[in-house]
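For the sequence shown, the residue numbers in this note's numbering are 7 to 1583. In this text, a Cβ means the ideal position worked out from N, Cα and C, and glycines have one as well. Values in this document were obtained by computation on a predicted structure and should not be read as measured data. What follows is a short report on a single structure.
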Amino acid sequence: MLLLLAGLLLQVTWIRGSRGDVDMANSADLSTPTTEQHEPHTIGTHTEEEGTLDDIFRFEEDFPDWPTGFDSSEWEMSDGEDDTGGEKQSTDKKHMFKLKKFLTQLDSFYQQKKLNVLQAREEFKAFHLHVTELEENREQIESDIEREKRAENSVAVLRLGAQLKRVCAELQVEEDLGDHLAMILKEHELELCQVEVDLGHFLALRRELELEEKNVQSQDKKKHQLRLQREKSVIKQRKHKAQRDRIERDKVLQEQAEELRKQQEQARAGRLKAAVFLKQTLQRMKQKEAEAKERRKELIEKRRTAVMTLKASFAASQGTMCARKLQQKAYEQKQREQEQHMKESLEAKGLNSIEHIHRLRVQERFRKKKAEFEDTRRAGQMEIVAKLLLEKNMKERRRKSPVLTLSHEKKREEKLLQNILPPPSAHTQREEKHVMSSPRASGVRSYSDVSSSSDSVEMEDEDKREMSLAQPEFTGLWEHKHKDDMATSDENVHLEASHTTMKTDMNKGLLSKEAKKPRESKGPPFMSKPEIILFKDCDVGKVYKKKVTLTNVTYVINYCKLSGVSQNLKDHVSVSFEPPGPMSAGMACELEAIFRPLLDVDLDGVIHFRSATGPFSVPIKCSKKKCEMVVDHCFVDFGTHVVGQTVSRGITMTNRGALGTRYKLTPVSTGPLQQTFTSSLDSGKSGSLEMASLNAEIPSGMEKTHSDLGSVPPVSSHSPDEVLTTDPGPVDTKVEPTEFSIEEPYEGDVGPFMSVRIPIIFTPTIPGEAKLDFQILFSQPGCEPIAVSVCGVAESAPVWVTKPNIDLKICMYDRLYQDSIEVQSRASSALRLTFKVCKEMRNHMSILPKTGFIQAKSSFSAQLKFLPRPSLYADAKRFFNEETGVLEVPLTVQVPDQVKPVLFTAHAVVTGSDLRFERTELEFGHCSVHERTHTSVSLTNCSLLSQDFGFVGIPKFIDVQPNDGFGTLLPSQSMDIHLIFSAPKAGEHNFTLTCKTSINRDFVLSCHATGVQPSLKLSHSLVEFGGTALGDRTTAVLYVENRTGAGPRLFSFSVPEDSDISIAPSSGRVLPGQRWLIQVTFRPTLSDDVIKAEALRRSNETIDCQHTQPDTKSKIETPMRLAKDQGSKETPANGSSFHSPSPVDLQTGSFEYLSAKASLLRSFTERRVRHVISCFTSTPDTSEEPRYSPHETLYLELHCPAVRPALLLVSDRHTVHFSRVAVGQKVLKKVKIQNISSDFVKLTSSLLDVNGPFSVLNAMRSVGPEDTHTLLIAFTPSVAKKYYETLEVSCRQMTLEISLCAEAVDPVLSCSHQGHINFDFVPENESASQVFRLQNASPLDVRFSVRLESERILALTDSTAHLGPQNHNGLSVFSVSPSGGAVAPGAAADITVTFHPDHQSLHYRDRLRVQLINEQTVCVLELRGSSCTDSVFVCGGDPEDGCPESLIPSHIYTSGHRDSKSLLLTFKSEYQEGRAIAATRKLHVGCVLGSKPATKKTVDFLWENLSAVELQGFSVTPVQGSVDAGQRRPITLSWVPSTGLAPNAVVEACALLTVRGDETVVYRVNLMAHTGTNTDT
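So, in structure tokens, the structure goes:
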């Protein structure tokens, strides 16, 4: 450290010495700015971490190594001595600033050391205090141990011993810490002393520095005065100029006023003339308007007449249509009656009426079609004849007209033949549609080669025609077109030729497409919807259609072609499919599958397709109508009954299939079911026809399965076919009387999806157990029989109880319950009855009378009384379950001469009537006399019955809620009873509350409370806010008052988290007799959970709407067709499923979140919230730490109603973040506000800081309902720091607060080049480029611009010093690309500088300046360039002291090029140690590499006349040589003074350097040398 200080003192001494050598007269030159720019050396500041003197003395590296002496003759030879002095003064000034900075840094280092010493002393003092406390604690514990030992309290002694041990250990640790702290304190004091000594060494230097600063200030003052004088003179000149301009302007204004007066006079005269013409024009216009009005009236009258006529025509047409409809209905009714009559007559004859009627219909349709065909044929013949006549006339005309070309004639003949030929049949038309493309569809429609039933198609067409009752009055062309399309789509025929041709073309297309497979996809190339084509419950002879959608699921453009169907489906299934051509990924096409069942069997298969990526198939399933029978119970248990009773049960048999059947009940063993199925089997075909008609008449609503009943496995080994077809032989139809019987009929029909109930009656005649097993057989094959078992038990007793199980429901202890016992007798004489109760229940249950007589064939009633007592469990443990409370008591009735008594049972659930409080003693705690204390206690009903309760005898100072203490408790229900206590005075309060039930039971609750008189008081304990809109805030003011004189009090409000309430200040200190202002703010908002739930609900609704697609065809289809479609509809297993978003996945700023919030705000209704906030107060303790008393807590009740807002921020961002903005840049943000109320609102805003960077650019206005207003907010910072302001936008209903946040950052852009950029010897009319880089070190995008001094329109007066000659063509010799842009954070931008001269010069100059958007200059580069005409150049000589190059082209004065050029080289040799040292200079010979082709690839050079030069002591190396294109070669010239040369003598010589390239150039090299003085010290 001492060595560093010594070095610093030497440097300072040298500075003072060198400063004295400079003349003070040159101090005025300090105002001239220096061109050099040095970066100041930054000294690290010490803020929190300690520094060292090495860091402070680091600046000494910036001092240059000044020489100890210099040659005075050298200064005399310099022409710029004043400039040198100015530069030296500037250098001294910079060193003075560095010295000042060093001293400041040294002072801060001293302050840091001083602060360290103070901190160490404070820590040491705190250590002593802590040690003292620990010693006092140790002495206290020792005294406590002695006291407890005397009291013989071993537990306390052990506990205190452990505390003593812990305190001693802590003391030991503190002693070690004290030694460490003392050592640190000594070190800091030593360092502080050293720094103070160092400061003493620099006192003299500090005084001198102050004197220098005063001198600099005086010089700056002089420069400022000189600058003011210059400015005053400039201002005076400008004032004179402005006065002259004002005089001229006034003269021009007078001339303009005179000219304007003349123009006004001319305009006035013109207006008078125009008024006359205007009056005439208006008269003509009025006349035309009157005529037009008359014409409009006539036109309206004509239209009215036409409308009335049209209306009358419509009425007549409507009447005609109604008459036609009635006639049509009458005709249809007559046809149906005839058909029904014919059907009945045929059935009476035993014929198949359906088949006969169907044949008649087919014959009728055939006749109609034949008649239509004859009409069409006649019309075609007439048309052919007309066309032939037309052709004949055209031929005659053609003979008279010029001859047409052969090709044109051929086309006309083909067209004519096409028109003359008869219209093709339907078969031909369908073939053409398969081969050629239709004008309405570009694809080719292909059909599978399957057979179809023409009869079924014709029936379906006629059914559709019968359904279409509303026929239009006029027919149009669209109707014929529609019929053609329908005929084409409904009929499928075999087209082998066209199909083969189309298949070949399609295969070629597919093979060409298969060659290009971009990427493969897993699975089939097309996905079908539905995945399986299902035809369910189909009838033979009918036609079923189903549409299927094929979707391209590959990643490429694909094709789809129908290959056919499975072999087993070709006779039943046809596919109508129109190839869509190339299909992009995700596109879909439709096909229609048509199923015509010819056999009543189930069919499975697939539809084959081919695509560019391979074949695929769609499965198809066809199922016939089936019969599926189930029963709800296969086992019927009647239980036990007395002989002679009749009990009925039933089983339900359900048909789950779409095919009806007949059923028959047959016994498995010998039983009463004697009816057979013979009558039904004799009916033969008629039964099957009736069943078929029954199946056809089942409504569509019965297709759904009624209930999910399980089927029963068959119990018979015979199949249903064997059972139904076997002749049972002669059977006796007489029904024998048995215990089990089934009501007729024993057989019947079950339609599709229908149910039948079979009643079974049990009439026991013999005591004992009875069983019956029977099975249900069905007529449909494949429907297995169902076995049913029935059992029952019969008892014989003359006396029985009508209710063998007496249910007393729920009973309470100590309450009387009664019920009647009715006894029936079937005996023929009177009997004595004795009622007996078991011994255990005699204290709880009795029957009155105990004995009685029942008359013959009559009944007897007795009274059962039940009074359960609390000892029920102890008396009758085997009858009573204490856990469940269920009581089951067996009772008997004794009858004389009857061995078995009549048994019956009494059931009851016994429960208590207790009400239980959650706590028997209630503690209110401490309650302020100014407030009320609320507490809750739970009251539970322990009974299984509901109970009414009420609190009676309530004191005045307590309130019981709800319903003032009255209510009803359901079984096992708990209710919170709210008790509100208000202390009438300070002190203890003990009281009881009595709860009485409806059965007069009392339950007591003991209460205790303590009244407290608090030291602090709230001015308002209840604050009711007005209706506050969401997003707005309301503030209420109250006071915390200290009315006691015991001393100051502290208070603290406890505000709940996540609430809309804020209190400021939340804590404070109130002096006696004073009060503290408190502001309570209510700011209602919507919670994120509510907004996310609303967003989830809206998303689910959107998904549901997307899934819901109304079926418009359902309005015109028959119920049967609807049922079939619904039955065949299946959901794809791999279909796309929609997943509703989870509330966790919703982002706060997402579109769904903002939409949900806006929806909630628009539909928001009034919301009221109540808050109770605690305010803790301190006790009158005088200790340092305040102690809050829980007994004196104050409570503030807040009522906060929230209402619907009137204004809505569309962006939902109450904070506008401008992020980081460069200083001087202007950034705009838009905030859109919408009026969501139903009234007009007038917007106003608060004032922003006028000196701040934020500003609102547009004015406020009134906004209508659902209109928006956009605020334009600008941020223009001038200083780099963070900014925050609040903008309030208000209306009459609410106020919106918008927070404006921004951060201004200084842009930092560095340049890779410093100083200048050189372009050496570029051929004229060619260009060279160099690149420098701009690096962005700031955290934001920085915009910059690059400007050249030569391109500026208004150049500075001294800027010509940096400009050289320019191009003769007027363009700048230097160009920059790009001229501006932006650099991203951490990125760099490359700037290209291009040099393009158009003539020879060595003095091209320009200045490049890089500026930021805030006009801050990043760097200034000097651009230098030289150009040559020849391909050779020589450089390295001394600069010429001549005038700058003229901007006038040289060829104006000279007619050609110069062949000789001159160079000057000066040599200076010095003597060291008695001998001369050789002086050396270098020249460079170069060859320019241009874009133009050169005759010579190299350049040769040769020195001439070297003999005279060598005699003077000069030497050249090398003498001759060659240089390649684009290279340079150095030539070394040295001079050694000859012996005896006089000091300061000048030696001159001249040599010729010849350079040969495309041209030969001779350089005259002048050599000048001299010797200098001895430099030895």
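| DSSP three-state call for valine 811: helix, strand or coil? | Along the sequence shown, read from residue 1 onward, the residue named residue 811 stands at position 805. Here residue 811 is asparagine; the residue named in the question, valine, does not match the sequence. Strand at asparagine 811.
| Do serine 1058 and serine 1068 have their C-beta atoms closer together than 8 Å? | Along the sequence shown, one-based indexing puts residue 1058 at 1052. Along the sequence shown, one-based indexing puts residue 1068 at 1062. Going by C-beta atoms, serine 1058 is not nearer than 8 Å to serine 1068.
| Pick from Leu1092, His1177, Thr646 and Ala1484: whose alpha carbon is nearest that of tryptophan 806? | The sequence position of residue 806 within the sequence shown is 800, counting from 1. Among Leu1092, His1177, Thr646 and Ala1484, the Cα nearest to that of tryptophan 806 belongs to Thr646.
| query | Residues in its own chain within less than 7 Å of methionine 533 by CB, not counting five upstream and five downstream? | reply | Here residue 533 refers to the residue found at position 527 when the sequence shown is read from its first residue. Excluding positions up to five away in sequence, the list reads Thr557 and Val559.
| So is tyrosine 1569 buried or exposed if we call it buried at 16+ other beta carbons inside 10 Å? | Within the sequence shown, the letter at position 1563 stands for residue 1569. Tyrosine 1569 is buried by the Cβ-count criterion.
| Going by the CB atoms, is the gap between leucine 1036 and proline 1054 shorter than 8 Å? | Here residue 1054 corresponds to residue number 1048 of the sequence shown, with the count starting at 1. Here residue 1036 corresponds to residue number 1030 of the sequence shown, with the count starting at 1. Going by C-beta atoms, proline 1054 is not nearer than 8 Å to leucine 1036.
| query | Which two residues bound the contiguous alpha helix (DSSP H) that contains tyrosine 1159? | reply | Here residue 1159 corresponds to residue number 1153 of the sequence shown, with the count starting at 1. Boundaries of the alpha helix (DSSP H) harbouring tyrosine 1159: 1157–1168, taken from the DSSP string.
| message | Taking 8 Å as the cut-off, does the segment 620–629 touch the segment 760–779 (at least 3 CB pairs, one atom from each stretch)? | response | Touching, no.
| request: Could you have a look at arginine 127 and say whether DSSP puts it in helix, strand or coil? | output: Translated into the one-based positions of the sequence shown, residue 127 becomes position 121. Three-state DSSP puts arginine 127 in a helix.
| message | Among Leu1011, Leu198 and Met635, whose alpha-carbon lies nearest the alpha-carbon of glutamine 125? | response | For the purposes of this step, residue 125 is taken as residue 119 along the sequence shown, with counting starting at 1. Closest option to glutamine 125, judged by alpha-carbon separation, among Leu1011, Leu198 and Met635: Leu198.
| Below 8 Å, can you find three or more Cβ-Cβ pairs linking the segment 1423–1438 to the segment 1473–1483? | They do not touch, by the three-pair rule.
| field | Rounded straight-line distance, which links the Cα of threonine 808 to that of glutamine 861 | value | Here residue 861 refers to the residue found at position 855 when the sequence shown is read from its first residue. Here residue 808 refers to the residue found at position 802 when the sequence shown is read from its first residue. Per the coordinates, the alpha-carbon of glutamine 861 lies some 16 Å from the alpha-carbon of threonine 808.
| said: Is the separation between the beta-carbon of leucine 1204 and that of threonine 1183 shorter than 8 Å? | reply: Residue mapping note: residue 1204 aligns to position 1198 of the sequence shown, counting from 1. Residue mapping note: residue 1183 aligns to position 1177 of the sequence shown, counting from 1. No. Outside cutoff.
| message | Let me confirm a value: asparagine 399 is counted as buried when at least 16 other C-beta atoms fall within 10 Å, else exposed. Which label applies? | response | Your numbering for residue 399 matches position 393 in the sequence shown. Counting C-beta atoms within 10 angstroms of its own C-beta, asparagine 399 has fewer than 16 neighbours from the protein chains shown and is therefore classed as exposed.
| Under the three-state DSSP convention, the category lysine 631 falls into | Taking the sequence shown and counting its residues from 1, one reaches residue 631 at position 625. Coil, per DSSP.
| So is isoleucine 306 buried or exposed if we call it buried at 16+ other beta carbons inside 10 Å? | As a first step, residue 306 is located in the sequence shown; it is residue number 300 there, counting from the start. Answer is exposed; the Cβ neighbour count stays below 16.
| said: For isoleucine 1005, report the span of its beta strand (DSSP E) as first-last. | reply: As a working mapping, residue 1005 is identified with position 999 in the sequence shown. Neither: isoleucine 1005 is in no beta strand (DSSP E) and is coded neither H nor E.
| field | Option in Ala836, Asp1564, Leu665 and Pro1371 with minimal Cα separation from aspartate 1404 | value | On the sequence shown, position 1398 is the one that residue 1404 refers to. Per the Cα distances, Pro1371.
| field | Residues near phenylalanine 133 by beta carbon distance below 8 Å, same chain, minus five either side | value | Residue numbering aside, residue 133 sits at position 127 when the sequence shown is read from its first letter. Taken in chain order, the residues that qualify are Glu180, Leu183, Gly184 and Leu187.
| query | From which residue to which residue does the beta strand (DSSP E) around leucine 1558 run? | reply | Residue mapping note: residue 1558 aligns to position 1552 of the sequence shown, counting from 1. 1552–1562 is the extent of the beta strand (DSSP E) around leucine 1558.
| Between the Cα of alanine 1485 and the Cα atoms of Gly1442, Gly1527 and Thr1577, which residue gives the shortest distance? | Your numbering for residue 1485 matches position 1479 in the sequence shown. Residue Thr1577 is the option with its Cα nearest to alanine 1485.
| From isoleucine 613 to lysine 567, what distance separates their C-alpha atoms? | On the sequence shown, residue 613 is found 607 positions in, with the first residue counted as 1. On the sequence shown, residue 567 is found 561 positions in, with the first residue counted as 1. Taking the straight line joining both Cα atoms gives about 11 Å.
| field | Cα-Cα separation, alanine 882 to aspartate 643 | value | By 1-based counting over the sequence shown, the position of residue 882 is 876. By 1-based counting over the sequence shown, the position of residue 643 is 637. Spanning the two alpha carbons is a distance of roughly 33 Å.
| For threonine 1274 and lysine 1238, believed in contact at Cβ under 8 Å, the rounded distance | For the purposes of this step, residue 1238 is taken as residue 1232 along the sequence shown, with counting starting at 1. For the purposes of this step, residue 1274 is taken as residue 1268 along the sequence shown, with counting starting at 1. In this structure lysine 1238 is in contact with threonine 1274, their Cβ atoms being roughly 5 Å apart against a cut-off of 8 Å.
| query | Near threonine 1631, which residues of its chain fall below 7 Å by C-beta distance, leaving aside the five closest residues on each side in sequence? | reply | A query on residue 1631 cannot be resolved here, the shown segment of the chain reaching from 7 to 1583 and no further.
| query | Which residue comes first and which comes last in the beta strand (DSSP E) that contains isoleucine 827? | reply | Counting from 1 along the sequence shown, the entry for residue 827 is found at position 821. For isoleucine 827, the enclosing beta strand (DSSP E) stretches over residues 823–831.
| request: Note down the Cα distance separating arginine 405 from threonine 555, rounded to an integer number of angstroms. | output: Position 399 of the sequence shown, counting from 1, holds the residue named residue 405. Position 549 of the sequence shown, counting from 1, holds the residue named residue 555. Their backbone Cα atoms lie some 59 Å apart in a straight line.
| field | Integer-rounded CB distance, given that leucine 1469 should sit under 8 Å from glycine 1492 | value | In the sequence shown, counting from the first residue as 1, residue 1492 sits at position 1486. In the sequence shown, counting from the first residue as 1, residue 1469 sits at position 1463. In fact, because the Cβ distance is near 14 Å, the residues do not count as touching under 8 Å.
| Residue from Arg1176, Ser149 and Glu295 whose Cα sits closest to the Cα of proline 1090 | By one-based count along the sequence shown, residue 1090 stands at place 1084. It is Arg1176 whose Cα lies nearest to the Cα of proline 1090.
| said: So, with DSSP's three-state summary, where would you put alanine 803? | reply: Locating residue 803 in the sequence shown gives position 797, counting from the first residue. Of the three classes helix, strand and coil, the one that applies to alanine 803 here is coil, per DSSP.
| message | Once the 5 residues before and after valine 1029 are set aside, which same chain residues still bring their CB inside 8 Å of it? | response | Within the sequence shown, numbered from 1, the residue matching residue 1029 stands at position 1023. Once the five neighbours on either side are set aside, the close Cβ partners of valine 1029 are Ala1042, Leu1044, Val1086, Leu1202, Glu1203, Leu1204 and His1205.
| query | Got a sec? Which residues, its chain only, sit under 7 Å from arginine 1226 by beta carbon, not counting five neighbours each side? | reply | Position 1220 of the sequence shown, counted from the start, is the residue given in the question as residue 1226. Around arginine 1226, the same chain offers Glu1309, Val1311, Pro1345 and Leu1346 as residues with beta carbons nearer than 7 Å, after the five sequence neighbours per side are excluded.
| query | Going along the chain, which unbroken runs of the beta strand (DSSP E) with 3 or more residues stay wholly within the segment 252–294? | reply | For the segment 252–294, not a single whole beta strand (DSSP E) run of length 3 or above is found.
| message | How far does the alpha helix (DSSP H) with histidine 194 in it extend, from its first residue to its last? | response | Locating residue 194 in the sequence shown gives position 188, where the first residue counts as 1. Counting along the chain, the alpha helix (DSSP H) containing histidine 194 begins and ends at 160–207.
| query | For the segment 196–213 against the segment 140–148, are there 3 or more C-beta pairs whose distance is under 8 Å? | reply | With a cut-off of 8 Å, the segment 140–148 and the segment 196–213 do not count as touching, because too few Cβ pairs lie within range.
| request: Return helix, strand or coil for aspartate 1255, following the three-state DSSP convention. | output: To locate residue 1255, count along the sequence shown from 1; it is residue 1249. Coil at aspartate 1255, not helix or strand.
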